[in-house]
Amino acid sequence: STRTKIKQKGSDTMLELAQIWAEEYVKVNDNVTLSVSGGGSGTGIAQMINGQIDIADASRPIKKHEIAIAQSQGIFPVEFRICLDGIAIITSKNIDVSEISFDQLQGIYNGTIKNWNELGGSNLKITVYGRQSNSGTYVFFQEHVLNDDDYRTDMQPLNGNSQIVDAVAGDNDGIGYVGVAYAENRASELNILKVKEGENAQPILPTIENVATEDYPISRYLYIYTNSNPIGELARYVRWILDEDGGQKVAENLGFIPLPQYIIEEELEKIS
Amino acid sequence: MKFDLFTLKKYDYKKIRNLKDNAIRKILFGFGATAVIFIIIILVFLLIEGLPFFLEGDGIDFFTGDVWDPSSPNTPRYGILPMVLGTFLVTLGAIVIAVPIGIGCSIYLAEIAHPKIRETLKPIIEILAGIPSVVYGFFALIILSTWIDDFFNSTTKLNALTGSIMLAIMMLPIIISLSEDAIRSVPQEMKEASLALGLSKWDTIRGVVVPAALSGITAAIILGVARAIGETMTVLMATGNAPVISFDMLSSMRTMTATIAIEMGEVPFGSTHYHSLFAVGIVLFAITFIVNFIADRVMKRFREKY
Amino acid sequence: MSEDIEIETRNLSLWYGDKQALKNIDMKIPEEKVTAIIGPSGCGKSTLIRCFNRMNDIIEICRVKGNILIDGKDIYDKTMDVVELRKNVGMVFQKPNPFPKSIYENIAYATRIHGIKNKKKLNEIVEKCLKQAFLWDEVKDRLDGSARSLSGGQQQRLCIARALAIEPKIILMDEPCSALDPIATAKIEELIRYLSEKYTVVIVTHNMQQAARVSDYTAYMYIGEVIEFGKTKQIFENPSEENTENYITGRFG
Amino acid sequence: MSEDIEIETRNLSLWYGDKQALKNIDMKIPEEKVTAIIGPSGCGKSTLIRCFNRMNDIIEICRVKGNILIDGKDIYDKTMDVVELRKNVGMVFQKPNPFPKSIYENIAYATRIHGIKNKKKLNEIVEKCLKQAFLWDEVKDRLDGSARSLSGGQQQRLCIARALAIEPKIILMDEPCSALDPIATAKIEELIRYLSEKYTVVIVTHNMQQAARVSDYTAYMYIGEVIEFGKTKQIFENPSEENTENYITGRFG
Amino acid sequence: MKWKTIKEHIIYSLLRLSGLFIVCTLAILLFYILSGGIGKISWEFLTNFPTNGMMSGGIFPMILGTLSLMTLTMLIALPLGIFSAIYLVEYAKPGRFTNAIRLAVHNLAGVPSIVYGLVGLGLFVVFLGLGLSLVSAALTLAIMVLPIIIASSQEALRAVPQNIREGALALGSTKWETTCHHVLPYALPGMLTGSILALSRAAGETAPIIMTGAAFYMTHLPSSIFDEFMALPYSIYTLATQSSNAEATRPTVFGAILVLLLIVLCMNLVAIIVRNYYRRKYRW
Ligand SMILES: Nc1ncnc2c1ncn2[C@@H]1O[C@H](COP(=O)(O)OP(=O)(O)OP(=O)(O)O)[C@@H](O)[C@H]1O
Ligand SMILES: Nc1ncnc2c1ncn2[C@@H]1O[C@H](COP(=O)(O)OP(=O)(O)OP(=O)(O)O)[C@@H](O)[C@H]1O
Ligand SMILES: [Mg+2]
Ligand SMILES: [Mg+2]
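Chains as they are written, first to last, in this note's numbering: chain V, 1 to 272; chain W, 273 to 578; chain S, 579 to 831; chain U, 832 to 1084; chain E, 1085 to 1368.
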């Protein structure tokens, strides 16, 4: 067929988003065939570097050394922010702790804090859930919350946000981090913690508004990357993603936070 | 052979036959060679991509290091031990569960069950063998893990035990059908000899039939183990995948296969991480190759006996 | 026949499914003698002797009518303990079939299950039986070796020793030499003659010369019937039936 | 021996791997007669006749030295077309091995691959061969039935008919009756006698009576050697070797 | 004596229990899968594209992807496997080389599928430049099942009694005539059985296709064998582990599992029927 093929791959956090984008986009433009896969932000970026795909979904910004490798292979990644996401810290219902600081989170995830009573909870060993290493969430959390410490080795790396939600909900001493949308969906089964950046800061709950205003401290952009500035059908698609009534609306429906107008303008300029 | 096609006549029928015979021999040789080349390519490719990792000086750390953290922003570490241990423990658990049930069931099928029961059970076993591993993984993920959690009150639902039980169920069909074959191929005369000595049926099974079939049964178990070691999706979905060194069957573990499955997608080609996964692949390949080789040997000895 | 009778069949018939393999067999096998059963292939020789220790029980389609008395007791009686019967009636098969265990274990296994666990006593029994089977000298240095490493003839003698170990009164042999070479055959035949001093031996054979050499009595069977039964000498030299004579002189078979 | 010679072996030796199975065999098998090869089990009878149509070629470990001349041509010569040779030297095996096809196809098959495709001609050949093998009357109404549904004796005769269909000059038979009952055996023996009018027949047998009944010449083999070869009558009544006499009179074997 | 009888009865009961275990396992598995998936199965489910984040719509592209992957794999592996088996059994002279091949084939049959995935990715996707595509995945699965097909075909060939071959050769058939007329007809069912079983295993494989060409979602059906494709096992895996709304997508997962099982079990069933039919037909 004469349809242009667009291969999109990467972040599991964005998998569903990307899929519905594809679903919706072909309704308005049937000149393209879109294929969407997950695997993790690292997977997406790596395959972009390897020249296998057109769009890499990433829930973290590309790293410097990744750019270097890409350029050495003749690939020039161009970054688009496409929406905002917050990472919620969740525990099971029976944990009687309601807020947590960055220091405490770092302690839990690098292994220095092992028991809930160190956080003022009851005497229970902490079981730690996280994402697998190719996940953007994994990297983002490591960079922003752990200050680049290594994760404790007995963290259970799960393959998706929903697996973490499942695991934490069913485990009476577990803790985990997931995209806010995932936490909101199952709020009734979970204890969503308020988070404060410094010891004395105000603990904030990860609600949509708090993330949109970037008050919630573990907020981040979600990105897509293309090889060079997109042209042709690829450009049309990216433009649609950034469109208020197109991709942004889909993102909002899924519990992500749409971009403010000024950022959209900035991003649109990258499309030739 | 010098041969002119145009001078062929009816009475050259014999020559045509011989010519055809030779041509076909060559064509078949071509197919055989292609298949063999295919197989050799696998080996060569695996080695080409994996060996650089050993040569880059991480080789020793690879086999002795107890931390696997290739994407650390600080110092990536490539220690295969946690995964070897994970594979070992999960497989061991599966063996402990599957071997008694498997042998028991094969004895039952071969020696005790009414032929009608045998004929109904065998397709059931074949169905179990045919179920794709992702289905087992799904079952482990949403149902078995909950049961385990309720029953053992474990800290985590996805743990080595969940994986072991699932693997055991996947091993059983192999163990049962191969051991049943082995038991049934013990010659009837052997059983008759034992019965003729005034031994009961159970004495015959225990003292004569099972010992005689032992190498066949052993081979069956080894092949089951090879399957368990190489299984990917089930353990990926069931064991929680934490690359830790732990001997607690209720804690999460990661196997070698799961490591490759999880990380293969994220690595830029040619990077150290990429080669390290091929190195894990080589280790896995070597282990299963050796296990299969042993099974093959044992089986051969068994065959030679009769 | 003036000897004591060990096995007596009364109007014995046997079917495999619908096919009758034995037809109204009446026969009296004397004690402590060698009785040979000869006849063309498929005539029912094996089937007959497998009735004597109820080995046919394990063939599902097999049905038996009539009686077999051993020492006056009907072995097809309901109260008969088959395991016990087989202990008293040993059997040696056409193809040597030692267990895949050591030579020692081949003999000791059944003995042990039958209740003798004392190590010293076991040793004695193993030695005695191997001696009786003329095998002791050949294997005494390698009792722990695998029975499968013995030659065919040695294996067959081991099977005989194994049968002797459970102290039967009767020994049934179904073509015990058909898989053996002439020298091994000669040894087994010698052994059979020797055994007949203490045991009742029933032997099936294809080889008429062999029957003539080793047996005291001979039964000639033909398509499920015993055509003639009597002293071996008489059967071979002066058969009363033409069928028998034809067979013995090689006009068929 | 005044007859024409069909097969001649000259100093023929054969090894399976390291094991010598035939030792310097010199033998002249006359044309259009039945030659029987007898001897104890494992002496090399089968091995010998399988040399005559180079059937041993398919056994990888088998090595041959010496010559075999058939009609004066050395069949182990490099220029020999083995397929052609086997067409001229038919073989019938110990166990009847009809192809699992129809009776008709069993016979028509070989004929067809050798170039005769005419349907009418094929029919004629099938009928002729079945008649020659005394099988026609028994199967003429069910030529399309499976060959496997025939009885053992019928199957063996079918195999003989199949061998006749390729119009060989020599027919080799390796214990063709050992799997058969006496009645079937009698029929095959009759057939062999009849075939010897037109074909050179070589038959291996275990059964000395059979050899005496059907053959004109007899070769007695012992551990890879031909001990004695001559007219059957002479071998059986007046063997010149003691070994032969011992075997024939049943002192062993 | 009495005690012994009781003891033996206990042992027999235990053995019976282990047989029961197998039945129960299958019953439980099927119960969950059927009760979860049967309600989902409908004509629309089988023939439509998924919609709404796979929470509704159907699984048609996955079914089609799995079936076309199977077909392609079969086209590559079957002739190669069967003809090499014929060569190895009927033609190759035994020796070191043949032995080495036999050993390699035999042992490669047990190598984990993930290793094949690894090689498939490196070799077909990257090195040969076939990209993430149906053909890469099919080639990967083909080399994965090749040793199994060869091994089982060899077994089927060996099961044809030697005396049939001898019978044919003795009539003056050539080697090929013997093989083609007298060995293949009887071995073919066995060869096919083994091959179908191997392929049905490939149909359920997930790990190798993740790496070599399966996509989670595509807006259109693949237009050539160089396109990515959707496949049932991969969709099941992703939906089971990644979906943000697991409750909502679970029926789809169950439905997909049921369909996958049906495909695989049908292949198995065909294999079993073929085998049993011919086993009865040719008893040597
Ligand atoms: N298990 C069986 N099922 C059905 N028929 C059988 C069975 N065993 C033997 N027969 C049949 O019963 C008849 C007698 O068989 P049996 O084995 O007793 O003969 P035999 O005299 O021992 O022959 P041979 O000398 O060949 O050993 C034969 O026709 C045989 O086909
Ligand atoms: N394929 C083979 N490989 C190795 N040794 C063989 C093979 N075939 C036969 N032999 C050996 O060669 C010798 C002669 O065997 P052969 O089959 O010719 O004997 P035979 O006289 O036909 O015996 P029987 O009467 O038992 O059929 C035997 O010692 C046998 O073990
Ligand atoms: Mg018998
Ligand atoms: Mg022979």
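Positions of the beta carbon are idealized from the N, C-alpha and C atoms, including for glycine. A quick note: this is a predicted structure, and the numbers were derived from the prediction, not measured.
Is E768 of chain S buried or exposed, if buried means 16 or more other CB atoms sit within 10 Å of its CB? exposed
Selected residue, minimal CA-CA separation from E839 of chain U, among U:K959, U:F883 and U:T1075: U:F883
Cβ distance (whole Å) where L84 of chain V is taken to contact A183 of chain V below 8 Å: Rounded, the Cβ-Cβ distance is 15 Å, inconsistent with contact.
Under three-state DSSP, which class holds R988 of chain U? helix
Skipping 5 residues on each side, what residues in its chain have a beta carbon closer than 7 Å to that of G650 of chain S? none
What does the alpha-carbon distance come out to for the pair I868 of chain U and K876 of chain U? 6 Å
Tell me which residues share the same chain as R690 of chain S and place their Cβ nearer than 8 Å to its Cβ, disregarding the 5 neighbours each side in the sequence. L700
Runs of beta strand (DSSP E) wholly within the region 657–719 of chain S (minimum 3 residues, chain order): 667–670
Report the three-state DSSP secondary structure of K274 of chain W (helix, strand or coil). Low confidence applies to K274 of chain W: its pLDDT is 41, below 50, so where it sits in the model is not reliable, and the reading given next is rough at best. K274 of chain W falls in the coil class under three-state DSSP.
Locate the alpha helix (DSSP H) running through P483 of chain W, then write down its first and last residues. V482 to G502
Nearest-angstrom Cα separation, counted from R1249 of chain E out to Y1270 of chain E: 12 Å
With a threshold of 7 Å (Cβ to nearest heavy atom), would T1016 of chain U be considered close to ligand 1? no
Three Cβ pairs or more, each shorter than 8 Å: is that satisfied between the region 469–486 of chain W and the region 497–505 of chain W? no
Interface residues of chain W around S133 of chain V at Cβ under 9 Å? D341, P342, S343, S344, I534, E535 and E538
D972 of chain U: contacting residues in chain S (beta-carbon distance under 7 Å): In chain order: nothing, as chain S lies at least about 25 Å away.
Determine, using beta carbons only, whether K93 of chain V comes closer than 8 Å to chain E. no
Is it the case that the Cβ atoms of G1121 of chain E and G1339 of chain E are separated by a distance below 8 Å? yes
If contact means a Cβ-Cβ distance below 7 Å, which residues of the region 464–482 of chain W contact chain S? E464, A465, L467, A468, L469, G470, L471, S472, D475, G479 and V480
How about F278 of chain W: is its C-beta nearer than 8 Å to some C-beta of chain S? Bear in mind that the predicted position of F278 of chain W carries a pLDDT of just 45, short of 50, making it unreliable; the figure below should be weighed with that in mind. With 8 Å as the cut-off, F278 of chain W does not count as an interface residue toward chain S.
Run through the region 769–824 of chain S for me and flag every whole beta strand (DSSP E) of 3 or more residues, listed as ranges in chain order. 778–782, 795–800 and 803–809
Member of W:G479, W:S378 and W:L364 whose CA lies at the smallest distance from the CA of E683 of chain S: W:G479
Should Y1051 of chain U be counted as a contact of ligand 2 given a C-beta to heavy atom distance under 7 Å? no
Burial state of Y1321 of chain E, where buried means 16 or more other Cβ atoms lie within 10 Å: buried
If you drop the 5 nearest sequence neighbours on each side, which residues of the same chain put their C-beta closer than 6 Å to that of C640 of chain S? Y594 and N634
Since I believe T428 of chain W is in contact with G512 of chain W (beta carbons under 8 Å), could you give me their beta-carbon distance rounded to a whole number of angstroms? 6 Å
Can you tell me which of S:V804, S:Q788, S:Y795 and S:A764 puts its alpha carbon nearest to the alpha carbon of F712 of chain S? S:A764
Would you tell me roughly how many angstroms separate the C-alpha atoms of L280 of chain W and L1205 of chain E, rounded to the nearest one? Bear in mind that a pLDDT of 46 at L280 of chain W, under 50, signals an unreliable position, so the model cannot answer this.
Run through the region 12–80 of chain V for me and flag every whole beta strand (DSSP E) of 3 or more residues, listed as ranges in chain order. 32–37 and 55–58
Return helix, strand or coil for K282 of chain W, following the three-state DSSP convention. The pLDDT assigned to K282 of chain W is 49, lower than 50, so where the model puts this residue is not dependable, and the model offers no usable value.
Under 8 Å between the Cβ atoms of L1202 of chain E and L1156 of chain E? no
Buried or exposed: which applies to Q19 of chain V, given that a residue is buried once 16 or more other Cβ atoms fall within 10 Å of its Cβ? buried
Beta carbon nearer than 5 Å to a non-hydrogen atom of ligand 2: U:Y847, U:A852, U:S872, U:G873, U:C874, U:G875, U:K876, U:S877, U:T878 and U:I890
When DSSP builds the beta bridges, which residues end up paired with D85 of chain V? V:R220
Could one say the Cβ of A243 of chain W lies closer than 8 Å to chain S's Cβ atoms, at least one of them? Because chain W here runs from 273 to 578, residue 243 of chain W falls outside it and cannot be looked at.
Taking C-alpha atoms, which residue in U:R881, U:A1015 and U:D905 lies nearest to I890 of chain U? U:R881
For chain E, check one thing: does any of its Cβ atoms lie closer than 8 Å to the Cβ of D422 of chain W? no
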